[in-house]
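Going down the list, the protein sequences come from chains A and B. Add 66 to the 1-based position in the first sequence for the numbering used here, that's all there is to it. Add 17 to the 1-based position in the second sequence for the numbering used here, that's all there is to it. All residues carry an ideal CB built from backbone N, CA and C; glycine is no exception.
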Amino acid sequence: DVKVTQSSRYLVKRTGEKVFLECVQDMDHENMFWYRQDPGLGLRLIYFSYDVKMKEKGDIPEGYSVSREKKERFSLILESASTNQTSMYLCASSLGGEAQYFGPGTRLLVL
Amino acid sequence: GQSLEQPSEVTAVEGAIVQINCTYQTSGFYGLSWYQQHDGGAPTFLSYNALDGLEETGRFSSFLSRSDSYGYLLLQELQMKDSASYFCAVSGGGGYNKLIFGAGTRLAVHP
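Below, the structure written as structure tokens:
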């Protein structure tokens, strides 16, 4: 079974803090994704990576950056957290476009 | 723009059949997939259709009509545990590996 893990289930941060969210997958997938999920808006893609050190902006990249130094690990960075970044953050991985496998999510609260 | 439309809520009773529709408008299309998400959980992959027709997996079936830009998820013999949100997603609007998600349909199954 594919396993995608995320570093934290819940995080509380203060406005202006730098926040790191980590995601690890164990299936040797090329593609990894970061989404945020807000009520009524579905899943919105922040960034994705199709290979080590490769990244591409998604639909809502502003205020975020990412890092992929190893194939199994994809990090999402909030350079200076703001209250409008309070959300559920979901990481996913895939081989292709047929199925993505999601981690359990990180619920981030920015105060 | 690119968009997917699905009903926001559906209600049904145990043992019944329910159909969740999804229409899409995207710049490209490789396939339509469906995901299930229980409250507090991560989305899990259910099915993928690249070609027209019906794909059956146990109690769940998924249909695609590429000419109509339309698909649906059919859930039979509903059980209480099927109460969840269901998302359709299109591969192709931004490349094969990226998915564009609908806003989700919340299914409530009642006794």
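Segment limits, beta strand (DSSP E) that includes residue i
i: F46(B); result: Counting along the chain, F46(B) falls outside any beta strand (DSSP E), and DSSP gives it neither H nor E.
i: N114(B); result: 112 to 118
Residue i at chain B interface by Cβ criterion, 8 angstroms
i: F86(A); result: no
i: S160(A); result: yes
i: Y167(A); result: yes
i: L156(A); result: yes
9 angstroms Cβ cut-off: residues of chain A touching residue i
i: K115(B); result: N97, F99, L111, F114, E122, G124, G163
i: Y65(B); result: G163, E164, A165
Contact list for residue i against chain B, beta-carbon separation under 8 angstroms
i: P170(A); result: G58, A59
Contacts of residue i in chain A (Cβ-Cβ under 8 angstroms)
i: G119(B); result: G108
Option nearest residue i by Cα separation, candidates the options
i: L156(A); options: K69(A), G129(A), G82(A), R102(A); result: R102(A)
i: E128(A); options: T152(A), E135(A), D117(A), I112(A); result: I112(A)
i: L174(A); options: V70(A), S74(A), K69(A); result: S74(A)
i: G45(B); options: V107(B), S100(B), E26(B), F77(B); result: V107(B)
i: P24(B); options: L90(B), G109(B), I117(B); result: L90(B)
8 angstroms Cβ cutoff, residue i in contact with chain A
i: G48(B); result: yes
i: A78(B); result: It is Ser, not Ala, that sits at residue 78(B) in the sequence shown. Closer than 8 angstroms: no.
i: S108(B); result: yes
Nonlocal neighbours in the same chain, by C-beta distance under 7 angstroms from residue i, ignoring five residues either side
i: D69(B); result: L81, S82, R83
Close-in-space but distant-in-sequence residues of the same chain around residue i (CB under 6 angstroms, 5 per side omitted)
i: S102(B); result: Q54, G121, R123
i: S20(B); result: Q42
i: L87(A); result: L142, Y155, T172
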